[in-house]
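Asks:
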Amino acid sequence: MMTIAQADKLVGGLSAPSKMPCYSFSISAFQCITGSRLRKIAGSVCSKCYALKGRYVFPKVQAALDRRLGVLARALADSMFRLQYIGAMALLIKRNPFFRWHDSGDLQSKAHFKLICDIARATPDTMHWLPTKEAKFVQGDIPANLIVRLSAPHIDQPAPASFAHTSTVVSDRSQATCRAFERGGKCGPCRACWDPAVKNVAYYQH
């Protein structure tokens with residue numbers, strides 16, 4: 085029987101963003117596919133990416149992000165290890181009512197998305213939230229407890245019409261539905277990002 089400590093070591097550890105009411109899984113934002121292109125474009129939501137500054141760029145944090153990416157790559161390449169990985173992630177996640185994917189980084193492939201779906205299915209009592217700009221990787225049946233929000237690529241751009249759940253970034257605080265900036269950058273009691281009844285969440289630009 086795998087212990088919590090063993091599961092944590094196997095997956096490379098989880099992250100605990102100070103804003104979030106839950107744990108998260110993160111990899112380096114330098115590995116974002118679409119985001120790497122967008123961060124070179126002024127006015128894009130990635131041009132001032134929070135995950136490419138502050139504590140995220142500390143060597144120790146980058147090492148942890150890279151470690152998780154390495155373990156993830158192994159899980160995608162090795163079917164036997166994939167099962168162990170899903171079991172370990174489920175053991176860590178199932179104790180929590182909410183979980184966020186990628187407070188830093190994004191989907192790497194269709195197989196990566198399928199792996200997340202399988203982990204969500206293994207933790208049916210947890211609501212998962214996955215923000216992404218990689219629409220091309222979001223394919224197949226999505227578990228009811230996984231809310232995938234396609235992110236609009238530019239500030240003040242309308243929400244993408246192709247997804248049931250979306251997110252946008254706005255420059256006007258009065259247009260923001262996420263009010264974390266009023267709570268010291270924390271979610272507080274709000275769980276809109278995980279709520280399937282909320283079609284779009286508008287964030288005030290960082």
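Using the numbering used here, you'd call the opening residue of the sequence shown number 85 and step up by one each time.
Note that beta-carbon positions come from the ideal geometry of N, C-alpha and C, so glycine has one too.
#1: Cutting at 8 Å between CB atoms, please list the residues of its own chain near Val-145, excluding the five before and the five after it.
#2: Tell me whether the beta-carbon of Ser-255 lies closer than 8 Å to the beta-carbon of Gln-223.
#3: Report back the beta-carbon spacing between Thr-210 and Ile-177 to the nearest angstrom; my notes put them in contact at under 8 Å.
#4: May I ask you to report which of helix, strand or coil DSSP gives Met-86?
#5: Closest to Gln-168 by CA distance: which of Asp-187, Phe-114, Cys-277, Ala-206 is it?
#6: Quick one: what's got a C-beta closer than 8 Å to Cys-106's C-beta in the same chain, skipping five residues either side?
#7: If you measure between the beta carbons of Arg-166 and Ala-159, is that distance less than 8 Å?
#8: Can you tell me whether Arg-257 is buried or exposed, with buried defined as 16 or more other CB within 10 angstroms of its CB?
#9: Using the DSSP secondary-structure output, state which residues sit across from Ile-231 in a beta bridge.
#10: Cα-Cα, which of Ala-174, Gly-269, Asn-284, Cys-277 is closest to Gln-259?
Replies: For this structure:
#1: Hits under 8 Å: Arg-139.
#2: Cβ distance not < 8 Å, so Ser-255 and Gln-223 don't count as in contact.
#3: Taking C-beta atoms under 8 Å as the contact rule, Thr-210 and Ile-177 qualify, at a distance of about 5 Å.
#4: If DSSP states are grouped into helix, strand and coil, Met-86 belongs with coil.
#5: It is Ala-206 whose Cα lies nearest to the Cα of Gln-168.
#6: Asn-180, Pro-181, Phe-182, Phe-183, Arg-184
#7: yes
#8: exposed
#9: Bridge partners of Ile-231: Trp-213.
#10: The residue with the shortest Cα to Cα distance from Gln-259 is Asn-284.
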